[in-house]
Structures are given as structure tokens and as C-alpha cells.
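First the structure, in the form of C-alpha cells, and then the observations on it.
Residue numbers (this note's numbering): 48 to 391.
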């Protein structure tokens with residue numbers, strides 16, 4: 048996948064600010080073509096090169112996943128551990144943006160992460176910042192300035208800080224690290240920040256998941272094209288204020304739901320594009336009911352940790368014909384969430 052890597056790096060360097068960021072390329076194995084691409088950038092002083100060799104690890108296997116087909120997921124998890132330990136523990140960086148080798152990024156990618164990274168560091172209710180929306184297909188997005196919270200870790204272009212890594216490192220899983228991070232035992236009631244329109248686009252139709260979902264879901268993800276200034280005063284007073292602290296976000300969602308017209312799925316499907324998009328609520332009884340209703344809009348049905356993807360308190364927000372559609376449980380649990388420092 049050396050061509051994937053070069054395309055990703057070119058995308059990064061096309062918008063990388065001249066200061067504030069160091070680029071690390073972590074290579075697993077010894078593919079000569081990949082090595083040649085990395086050397087091209089390290090020789091120019093643009094990036095640092097890390098090398099990971101799974102054969103030099105203890106090669107522990109998660110019980111129940113001893114078959115050869117699961118080995119790649121063990122290698123990936125071990126590689127992430129190696130990279131996080133190097134960046135956070137050895138080099139003592141405070142924040143890290145994680146990208147895979149098959150991604151293009153938006154023009155405002157770094158200003159987005161700079162702004163919401165500061166929010167993450169100051170707000171104990173935020174686990175991570177993600178550039179990705181699982182429901183970011185062209186037919187399901189509209190507003191480039193819309194940002195939400197999700198209880199389900201999105202992955203695919205995300206930021207974590209050293210504090211969270213310090214909390215997680217001693218129990219880092221042997222495999223399937225992303226689904227592990229979606230479990231309530233790791234979340235501790237925290238949520239991730241995610242955009243309505245993704246700031247990354249994955250072009251890797253082949254990979255460790257063998258192209259799972261790619262043609263149906265990932266190929267049609269919309270990559271933001273606007274170079275938005277996230278430090279703008281109006282954005283700070285509206286978008287940022289509504290996101291944090293978490294009490295503000297709960298109040299914002301409560302207001303949004305209260306001002307929305309309640310409709311059923313056939314009514315949603317009949318909506319037409321207008322110059323003034325509206326907000327609509329679709330109520331659902333349980334996860335099975337949500338699955339049936341959301342499938343009409345082609346939303347994914349592989350739920351995570353018993354929750355819909357991109358949900359916050361069970362609420363899922365998408366666009367349809369530019370209108371905002373909120374899938375809302377019949378009884379939303381608005382109880383106060385507590386957050387604590389696991390590592391003192």
C-alpha cells in the first residue's frame with residue numbers, strides 16, 4: 048500500500064501548518080516500497096520514521112481468536128500500543144492525532160483539531176476528538192460547521208491526549224482495540240467530538256477489514272471542502288458554547304428536540320429539499336425498533352456496545368434532504384453524568 052501512504056502524506060503536507068505539528072510515520076514490517084516512500088519524506092526533514100516489528104513482541108493472542116485470520120487484528124493493536132508508548136511515554140507529547148495510511152484530509156483539518164483539542168484538554172467529559180462521521184455520506188450531511196458529541200468512538204482520524212493514554216495503557220487490548228475503546232468500561236460516561244461533515248476521507252477499498260462496508264458506506268463519505276476558521280468569534284459563541292461543558296450540550300439537545308416536529312419514517316422519506324431546512328424527530332422504542340427505522344435511510348446496523356453508531360444518550364442525528372433528523376428514544380436518560388480521573 049505504498050501508493051496509499053504517499054497519497055495520504057501528500058494530503059497532510061498540503062495543509063500542514065509550518066509550526067506546531069511534528070509528523071511521525073510508523074511502519075509495521077519491512078516492505079521496501081513503503082520504506083522508499085517514508086525515506087522520501089524523512090530525507091527532506093518533513094517527518095520522523097518509527098519502525099514496528101510484531102515478531103519482536105511477545106505475540107500474545109486473545110483467547111478465542113487463535114485462528115490465523117485474526118492475527119492481523121493483533122498486529123494492529125500491538126502497533127498502536129508501540130506508537131502510543133513512543134509518542135506519549137518516550138517523547139512526552141501531550142496530544143496525538145492518529146491517521147491511517149489511506150486518508151485524505153480537509154483544508155481545515157488542523158484548525159479543527161487545534162480548536163477541539165483545547166476543548167478536550169479542558170473538559171473531563173470529552174474522551175477524544177474525531178474528524179469522522181460514520182453517517183457522513185453525501186445524502187446525510189449538510190452543515191460544515193455542525194459539530195456534535197457521540198458516546199461511540201468514531202475512529203478514522205482522531206485525537207487523544209496523554210492523560211487518556213495514561214489511563215488506558217495498562218489495559219490496552221491484544222486485539223480489536225477500536226471496539227474495546229467503545230466499551231463503557233473505557234468510556235466512563237465520556238463522549239467524543241465529531242463533525243457533521245467529515246474532515247477525513249478514506250480511499251482504501253482494500254485493507255485489514257477486506258473492504259468491509261467500503262462500497263456501501265465509506266466510498267460515499269463527503270469530505271469537507273471549506274476552510275473554516277474555527278477560532279471565529281461567532282463559532283466560539285455558538286458551536287463551541289453548545290458543545291462544552293456537557294451541561295450546555297444536554298440543554299442544546301433538549302431545546303433542539305423540543306423545537307422539532309415529530310414525524311414517522313414515511314414522512315421523512317417524503318421530505319423535499321428547501322432553502323430553509325427544518326428539524327424533525329423520529330421516536331424509537333428500543334434498539335431493534337431503531338434498526339428497522341434507521342435502515343430506511345441506509346444507516347449502518349452494526350451497533351457498538353449495544354448502542355447505535357454516533358449516538359449520544361441514544362440520540363442519533365443525521366440529515367435527509369438537508370433537513371436535520373433526530374432519532375430519539377421514547378425515554379431519553381437525561382440523568383447527570385459524572386466524570387472522574389481514573390489516574391490521579
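Idealized CB from N, CA, C, for every residue including glycine.
Three or more beta-carbon pairs drawn from the region 191-200 and the region 279-292 are found closer than 8 Å, and the two stretches are therefore classed as touching.
When C-beta atoms of the region 196-205 are compared with those of the region 343-361, three or more pairs fall below 8 Å, so the two segments count as touching. Bounds of the beta strand (DSSP E) holding residue 370 are 370-376. Boundaries cannot be given for residue 140, as no alpha helix (DSSP H) includes it and DSSP labels it neither H nor E. Along the length of the region 94-126, whole beta strand (DSSP E) runs at least 3 residues long occupy 95-99, reported in chain order. A Cβ-Cβ separation of about 7 Å places residue 311 in contact with residue 329 under the 8 Å criterion.
Rounded to the nearest angstrom, the gap between the Cα atoms of residue 72 and residue 171 is 29 Å. In the structure shown, the three-state DSSP call for residue 335 is helix.
Taking 3 residues as the minimum length, the beta strand (DSSP E) runs contained wholly in the region 194-262 are 194-197, 205-208, 238-242, 247-249, in order along the chain. Taking a cut-off of 8 Å for Cβ pairs, the region 286-305 and the region 370-384 touch, as three or more such pairs fall below it.
In this structure, the CA atom of residue 59 is about 37 Å from the CA atom of residue 327. Taking the C-beta atoms as reference points, residue 244 is found no nearer than 8 Å to residue 163. Excluding sequence positions up to five before and after residue 129, its CB lies within less than 6 Å of the CB of 99, all in the same chain and listed in chain order. With contacts defined as CB atoms closer than 8 Å, residue 178 and residue 156 qualify as a contacting pair.
Within the DSSP secondary-structure output, residue 366 pairs in a beta bridge with 371. Separation of residue 235 and residue 386 (C-alpha to C-alpha, rounded to the nearest whole angstrom) is 7 Å. The three-state secondary structure of residue 271, taken from DSSP, is coil.
Between residue 348 and residue 338, the gap from beta carbon to beta carbon is short of 8 Å. As DSSP reads the structure, residue 150 sits in a beta bridge with 249. For residue 323, there is no enclosing alpha helix (DSSP H), as DSSP gives it neither H nor E. In this structure, residue 109 sits near residue 221, with a CB-CB distance shorter than 8 Å.
Judged by DSSP in its simplified three-state form, residue 340 adopts helix. Residue 62 is a Cβ neighbour of residue 152, given a cutoff of 8 Å. The residue from 183, 251, 150, 124 with its alpha-carbon nearest to that of residue 215 is 124. Nearest to residue 53 by alpha-carbon distance, out of 81, 139, 308, 175, is 81.
With respect to the 8 Å criterion, residue 202 and residue 247 are not classified as neighbours on the basis of their beta carbons. Looking from the CA of residue 211, the closest CA among 238, 286, 251 belongs to 238. In the structure shown, residue 176 falls within a strand segment according to DSSP collapsed to helix, strand and coil. At least 8 Å separates the beta-carbon of residue 184 from that of residue 273. When the alpha-carbon of residue 49 is set against those of 66, 79, 131, 93, the nearest one is in 79. Between the C-alpha atoms of residue 105 and residue 322 there is a straight-line separation of about 59 Å.
Here residue 184 carries a strand assignment [DSSP, helix/strand/coil].
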